[in-house]
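Structure, as structure tokens:
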Amino acid sequence: MGQKTVLSGMRPTGRLHLGHLSVLENWNKLQEEHYCYFMVADWHALTTSFDEPSVLKENTREMVLDWLMVGLDPEKSVIFVQSQVKEHAELHLLFSMFTPVSWLERCPTYKEQLQQFRELGKDVRTYGFLGYPLLQAADILIYKADLVPVGEDQLPHLEMCREVARRFNYLYSTKLFPEPQAYLAEVALVPGIDGRKMSKSYSNEIPLAISPKELEKKVKMMVTDPARIHPTDPGHPEVCTVFAFHRLFNRDQVDEVAESCRRGEIGCVPCKKKMTDVLTSFLTPYWERRTKLEKDPDFVWDVLKEGSQKARLKAQETMTEVREAMGLY
Ligand code: TRP
Ligand code: SF4
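FYI, the working numbering numbers position 296 of the sequence shown as 1300, with every residue one higher than the one before it.
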């Protein structure tokens, strides 16, 4: 498809978990072929954050360590922090001059999240929260990104980004902004240890950077076939969370596991032990890489500083064009 400019980002919410893995693997692949920007969306985190200030910084560090340990490479990609490239804020402001409030109020993610927060007793009807998708549009358009790898939940934001690009180009008779495409990669659905979708908000996650002891504990806690009381009872792997993990992480042996479960030839305890071993050998190279990276406490900050410098150069270039198009000096 030729080299494209790719931009994606995540809000820094701390350590990533197994549910994030396929997204990260996809980023890894993209960085081999394209010019990629990977952004820590810390301003976006502030739109709904009620944490101590120190948490934001620690979450940024943890998340970027996870990115690096799974293979994101600062030699290949621009890894940076949104708040270190102030031009995003300027573009957001300028976009706000011609973006109808109704576009933002109608955004399905806005309405949904407002409701979710209301149920938690939190009122997030702020100016910043309403403008969340517009800031995201600025993140994307400031690098003139062609491709934006996102989950399906982000599609309304991408659509708004395209509308903003069109509107800008129309109002200022220019072709400055290309309309970015969403890039929907296949995302593996990873269940949490309780069988629901893996998510921090359900506290059912297995962090990528978990310790071996904790991992063992979590796998032991996984829900299995409730109909199985004795290890010799015939089991139903299709309703079992441990089995879902065998399917995802133990493809070579998955049929064998299913068979012996159905025949009552394997108990849940050894079956879980097997899964712990599989996950341990899968994660060990990541853990080793992380341990090395953690040895130098400045490394993450150095990567982000350098990445942000690179990002800033491109952002400044775009902003010069934007100001000129809008008649600003
Ligand atoms: N809103 C995205 C999320 O919650 C994070 C994000 C911020 C982003 N800016 C972006 C994603 C730009 C892609 C492109 O996941
Ligand atoms: Fe699940 Fe394995 Fe127990 Fe079967 S034997 S119910 S697959 S944990």
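Here a beta-carbon is modelled for each residue, glycine too, at the ideal position from N, C-alpha and C. Predicted model, so just to flag it, every value in this text is computed and none were measured.
**OP:** Might you give, ordered along the chain, the residues of its own chain that have their beta carbon closer than 6 angstroms to the beta carbon of Cys1244, omitting 5 neighbours on each side?
**Re:** Thr1228, Asp1229
Subject >> Sequence-distant residues of the same chain with beta carbon closer than 8 angstroms to Arg1267, five excluded per side >> reply: Pro1238
Original post:
Is any heavy atom of the ligand PLP found at a distance shorter than 6 angstroms from the C-beta of Cys1165?
Top reply: For the structure depicted, the ligand PLP is absent and the ligand set comprises only the ligand TRP and the ligand SF4.
Subject >> Met1073, DSSP secondary structure in three states >> reply: helix
**OP:** Report yes if the C-beta distance between Pro1153 and Asn1063 is below 7 angstroms; otherwise report no.
**Re:** no
**OP:** Run through the stretch 1022–1103 for me and flag every whole beta strand (DSSP E) of 3 or more residues, listed as ranges in chain order.
**Re:** 1039–1044, 1082–1085
Original post:
Quick one, are the C-beta atoms of Val1091 and Met1279 less than 7 angstroms apart?
Top reply: Inspection of the sequence shows that residue 1091 is occupied by Glu rather than by Val. No, the pair does not count as a contact, with Cβ atoms beyond the cut-off.
Original post:
Considering only C-alpha positions, which residue in the set Glu1167, Leu1151, Gln1120, Ala1149 is nearest to Pro1137?
Top reply: Glu1167
Subject >> Lys1277 versus Lys1222: straight-line alpha-carbon distance, rounded >> reply: 11 angstroms
Original post:
For the ligand SF4, any of its heavy atoms closer than 6 angstroms to the Cβ of Phe1247?
Top reply: yes
**OP:** Entirely within the stretch 1120–1180 and at least 4 residues each: give me those alpha helix (DSSP H) ranges in chain order.
**Re:** 1131–1134, 1136–1145, 1159–1175
Original post:
What residue range is occupied by the uninterrupted alpha helix (DSSP H) comprising Thr1295?
Top reply: 1272–1299
**OP:** Could you tell me whether any non-hydrogen atom of the ligand TRP is closer than 6 angstroms to the CB of Gly1075?
**Re:** no
Subject >> Boundaries of the beta strand (DSSP E) in which Ala1186 is found, first to last residue >> reply: 1185–1187
Original post:
Can you check whether the CB of His1038 is closer than 7 angstroms to the CB of Lys1008?
Top reply: yes
Subject >> Those residues which DSSP pairs with Val1010 across a bridge >> reply: Cys1040, Leu1151
**OP:** Go through its chain and collect everything with a Cβ distance to Leu1212's Cβ below 8 angstroms, but skip five positions before and after it.
**Re:** Arg1019, Leu1020, His1021, Leu1022, His1024, Leu1025, Asp1070, Met1073, Val1074, Leu1287, Tyr1290
Subject >> Beta bridge counterpart(s) of Pro1211 as assigned by DSSP >> reply: His1021
Original post:
At which residues does the alpha helix (DSSP H) containing Val1307 begin and terminate?
Top reply: 1303–1330
Original post:
Exposed or buried, Gly1006, counting other C-beta atoms within 10 Å across all chains shown (16 or more means buried)?
Top reply: exposed
**OP:** Would you check if the distance between the CB atom of Ala1319 and the CB atom of Thr1178 is smaller than 7 angstroms?
**Re:** no
Subject >> Contacting residues, own chain, Cβ-Cβ under 8 angstroms from Tyr1206 (five flanking each side not counted) >> reply: Gly1196, Asp1198, Arg1200
Original post:
Which partner residues of Pro991 appear in the DSSP bridge assignment?
Top reply: Residue 991 lies beyond the range of the chain shown here (1005 to 1333); nothing can be said about it.
**OP:** Along the alpha helix (DSSP H) that carries Glu1269, what are the first and last residues, could you check?
**Re:** Counting along the chain, Glu1269 falls outside any alpha helix (DSSP H), and DSSP gives it neither H nor E.
Original post:
Is Val1010 near the ligand TRP, going by C-beta to nearest heavy atom under 6 angstroms?
Top reply: no
Original post:
Around the C-beta of Phe1102, are 16 or more other C-beta atoms found within 10 angstroms, so that it is buried, or is it exposed?
Top reply: exposed
Original post:
Three or more beta-carbon pairs under 8 angstroms between the stretch 1101–1117 and the stretch 1156–1165, yes or no?
Top reply: yes
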